Amino acid sequence: DQQVKQNSPSLSVQEGRISILNCDYTNSMFDYFLWYKKYPAEGPTFLISISSIKDKNEDGRFTVFLNKSAKHLSLHIVPSQPGDSAVYFCAASRLGGTASKLTFGTGTRLQVTL
Amino acid sequence: NAGVTQTPKFRILKIGQSMTLQCTQDMNHNYMYWYRQDPGMGLKLIYYSVGAGITDKGEVPNGYNVSRSTTEDFPLRLELAAPSQTSVYFCASRLGGTDEKLFFGSGTQLSVL
Chain A
1320 DQQVKQNSPS LSVQEGRISI LNCDYTNSMF DYFLWYKKYP AEGPTFLISI
1370 SSIKDKNEDG RFTVFLNKSA KHLSLHIVPS QPGDSAVYFC AASRLGGTAS
1420 KLTFGTGTRL QVTL
Chain B
9 NAGVTQTPKF RILKIGQSMT LQCTQDMNHN YMYWYRQDPG MGLKLIYYSV
59 GAGITDKGEV PNGYNVSRST TEDFPLRLEL AAPSQTSVYF CASRLGGTDE
109 KLFFGSGTQL SVL
């Protein structure tokens, strides 16, 4: 039962263009969402988050959009840079839970080409 | 500024052997977690702890044990290793409260042959 889904295993984008990574969730109790970036042989690192009271959060080149009615979120990277090439994980949680355990998607490998 | 430190980085075990994956954090975080990542899969929660002396099972706890005797350390014990435990293991921590951000270690690549 995959509660957080990233249906695109990989994405290739030219440098300078927009990268759009998508994530869908099924559990309507999720109210906080995070994106993590992972380079090979490293642990995931936090990128950006959004709570369910917002529909957009922006941090520099990174913007996360949340559509609660569609149970869908997306990460936009503009402009994309070669250093953005990594695996991106979407994660979701219920704020205020006993330990706020994160449920992760399967990841999307982004390759930014020159 | 070490953050979350995991040792070892790589390990090969024979079926039936046991080992402990070490995890320590220096951020005074209350919450600590162990995840495993199998190829092409997301991270699955094995065990977590909300503070020293308190641990609880996650999604995939079978074959593992944990302890939390101090705030800093959260070791993961594998007893009777099986090929199904071949995976990359990540330890993570977070401060607690409404701060949901997890800080991860660099991972332990474990192969059971």
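For the record, the sequence lines run as chains A and B.
When we follow the working numbering, the leftmost residue of the first sequence carries the number 1320, and every step to the right adds one.
When we follow the working numbering, the leftmost residue of the second sequence carries the number 9, and every step to the right adds one.
Even glycine gets a Cβ: it sits at the ideal position worked out from N, Cα and C.
Here the structure is a predicted model, which is why all the values come from computation and not from measurement.
{"Query": "Exposure of F18 (chain B), with buried meaning 16 or more beta-carbon neighbours within 10 Å", "Result": "exposed"}
{"Query": "Contact under 9 Å by Cβ, L1340 (chain A) with S1331 (chain A)", "Result": "no"}
{"Query": "Classification of T1427 (chain A) by the beta-carbon crowding that lies within 10 angstroms, buried from 16 upward", "Result": "buried"}
{"Query": "Residues of the stretch 53-66 of chain B whose Cβ lies closer than 9 Å to any Cβ of chain A, in chain order", "Result": "L53, Y56, S57, V58, D64 and G66"}
{"Query": "Contacts around Q25 (chain B), its chain only, beta-carbon distance under 7 Å, and the 5 residues preceding and following it disregarded", "Result": "A89"}
{"Query": "Anticipated Cβ contact below 8 Å, L1414 (chain A) with L1353 (chain A), distance rounded", "Result": "Actually they do not touch by this definition, with Cβ atoms about 11 Å apart."}
{"Query": "Start-to-end residues for the beta strand (DSSP E) that takes in L88 (chain B)", "Result": "Unbroken run through L88 (chain B): none, as it is neither H nor E."}
{"Query": "Residues sharing a beta bridge with S119 (chain B), DSSP", "Result": "B:I20"}
{"Query": "Burial state of Q93 (chain B), where buried means 16 or more other Cβ atoms lie within 10 Å", "Result": "buried"}
{"Query": "Distance, D34 (chain B) Cα to I1369 (chain A) Cα", "Result": "27 Å"}
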